[in-house]
Amino acid sequence: MFLTNSLLRQVRLLGRRHFRLCWSSTNYSTKPTSNETPDLEKPIAYTQSPANKWKAEYSRQGTSQDRLWYEPYVVLASVAVFLVYFCILREESDVDHEFEISLYSRVKGLEEQQLLIAMKNRQAQGLDNTIYEQRLKELRSKP
38 MFLTNSLLRQ VRLLGRRHFR LCWSSTNYST KPTSNETPDL EKPIAYTQSP
88 ANKWKAEYSR QGTSQDRLWY EPYVVLASVA VFLVYFCILR EESDVDHEFE
138 ISLYSRVKGL EEQQLLIAMK NRQAQGLDNT IYEQRLKELR SKP
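Using the numbering used here, you'd call the opening residue of the sequence shown number 38 and step up by one each time.
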């Protein structure tokens, strides 16, 4: 008995949907609804065209908004929790200590090459090079 009632209810609902689809007054055609054809010789007024209501956002994302209203809050909370953990709660590791070491102490001759390039550029600009020359002498005097 229950099964037949539920089947009858589903058939009635399908019939109503079919009736609404067949007899709806919505026009889905792309033809203009008026009998007038637009005059192609006249300029189209922007304020009266559909382009007036088009946003650039629609070209990038489409016309529908699929995001939930609370999505920005969830992202903000996630980023905040990550930053609190990473910047405050996390203990320092040996990798953190490696970041404190200068690149010049890792690569031999790098600072000297950088100083020579900087001196060449400053000389071309007509600027003073005494600071760079002093540092270069210090580097060359070290064993």
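From the three backbone atoms N, C-alpha and C, an ideal C-beta is built for every residue, glycine too.
Small disclaimer: the values here were computed from a predicted structure and weren't measured.
Review point. What is the C-beta distance between L176 and E137, in whole angstroms, given that I count them as a contact (C-beta under 8 angstroms)?
Key: About 21 angstroms separates the Cβ atoms of L176 and E137, ruling out a contact at the 8 angstroms cut-off.
Point to revise | Start and end residues, alpha helix (DSSP H) containing D133 | key: Looking at the DSSP string, the run of the alpha helix (DSSP H) that includes D133 is 131-136.
Review point. Just the Cα atoms here: how many angstroms apart are G146 and L164?
Key: Spanning the two alpha carbons is a distance of roughly 24 angstroms.
Exercise for review: Just the C-alpha distance for A161 and I154, rounded to the nearest angstrom, thanks.
Suggested key: Put simply, the backbone Cα of A161 is about 11 angstroms away from that of I154.
Exercise for review: Use the C-beta contact count for F56: other C-beta atoms within 10 angstroms, 16 or more gives buried, fewer gives exposed.
Suggested key: Because the pLDDT at F56 is just 48, under 50, the model does not fix this residue reliably, and the point stays unresolved.
Check your understanding: According to the neighbour-count rule (16 or more other Cβ atoms, all chains shown, within 10 Å of its Cβ), is Y211 buried or exposed?
Key -> Any question about residue 211 goes unanswered here, given that the chain covers just 38 to 180.
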